[in-house]
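For reference, the structure is listed below as structure tokens.
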Amino acid sequence: MGRVAVIDTNFFVYALFEDYERHEEALDILMNLDKWVVPTITLYELIWQLAKMGVPPNNAEDMVKQIIEEPRTEIVDDRRYLLSAFELFGNLGLKHYNDSVILAIAKEVGTLASYDKKLRNRAMKVGIKPIPEVLE
Numbered sequence: 011m012g013r014v015a016v017i018d019t020n021f022f023v024y025a026l027f028e029d030y031e032r033h034e035e036a037l038d039i040l041m042n043l044d045k046w047v048v049p050t051i052t053l054y055e056l057i058w059q060l061a062k063m064g065v066p067p068n069n070a071e072d073m074v075k076q077i078i079e080e081p082r083t084e085i086v087d088d089r090r091y092l093l094s095a096f097e098l099f100g101n102l103g104l105k106h107y108n109d110s111v112i113l114a115i116a117k118e119v120g121t122l123a124s125y126d127k128k129l130r131n132r133a134m135k136v137g138i139k140p141i142p143e144v145l146e
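Numbering (the working numbering), first residue to last: 11 to 146.
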């Protein structure tokens, strides 16, 4: 198996919208991965984000369909990570719980595609490689 990464919600947002500054980079990274590990919480967060952005439901459905029907996508049932996520909290509050679930999965995979600086920093502290390697 080649390049594999857990994909964070914001990474899909950047890849889906051409007017975002990092669109080309996110799309290029996704296209060069052999497998996209997608926690179910990422899909829920994506739908919530699309709703906040005012994306019509039929367009949101098309976007989610693109992701789940992509042959490289492996949707991970994140229920088995619900308790281990608490171990990754540190002194953070519950508002960081979703990210902790994503981190728990990324800890097994070893790589996380995200533009969330706080999440990337947390990932590196537990030995997870962030993609892209450097944010400018």
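Cβ coordinates follow ideal geometry from the N, Cα and C atoms, glycine included.
Could you please give the first and the last residue of the uninterrupted beta strand (DSSP E) stretch that includes residue i?
| i | result |
| --- | --- |
| Lys147 | Given a span of 11 to 146 for the chain in the structure shown, any question on residue 147 remains unanswerable. |
| Ile39 | Run containing Ile39: none in the beta strand (DSSP E); it sits in the alpha helix (DSSP H), His33 to Asn42. |
How is the alpha helix (DSSP H) around residue i delimited, first residue to last?
| i | result |
| --- | --- |
| Pro67 | Pro67 to Glu79 |
| Phe96 | Ser94 to Glu97 |
If you check the beta carbons only, do residue i and residue j fall under 7 Å apart?
| i | j | result |
| --- | --- | --- |
| Leu113 | Leu98 | yes |
| Leu117 | Val86 | The amino acid occupying residue 117 in the given sequence is Lys; Leu does not appear at that position. No, Cβ-Cβ distance for Lys117 and Val86 is not below 7 Å. |
| Ser124 | Asp18 | yes |
| Lys139 | Glu84 | no |
| Ile39 | Asn108 | no |
| Pro49 | Ile115 | yes |
| Ala15 | Ala25 | no |
| Asn20 | Asp88 | no |
| Arg13 | Leu56 | no |
| Val47 | Val119 | yes |
Roughly how many angstroms lie between the CA atoms of residue i and residue j, to the nearest whole one?
| i | j | result |
| --- | --- | --- |
| Arg132 | Phe22 | 20 Å |
| Glu143 | Glu34 | 16 Å |
| Met134 | Ile141 | 11 Å |
| His106 | Pro81 | 30 Å |
| Met11 | Glu79 | Residue placement at Met11 is flagged as unreliable, the pLDDT there being 46, under the threshold of 50; a coordinate-derived value is accordingly withheld. |
| Phe96 | Leu104 | 9 Å |
| Gln76 | Leu102 | 34 Å |
| Arg130 | Tyr54 | 20 Å |
In the DSSP output, which residue or residues are listed as bridge partners for residue i?
| i | result |
| --- | --- |
| Thr83 | Trp46 |
| Ile115 | DSSP output for Ile115 lists no bridge partner at all. |
| Thr121 | Lys139 |
Taking only three categories from DSSP, how would you classify residue i?
| i | result |
| --- | --- |
| Val16 | strand |
| Val23 | helix |
| Asp155 | With the chain running from 11 to 146 in the structure shown, residue 155 is simply not present. |
| Asn131 | helix |
| Leu145 | coil |
| Asp88 | helix |
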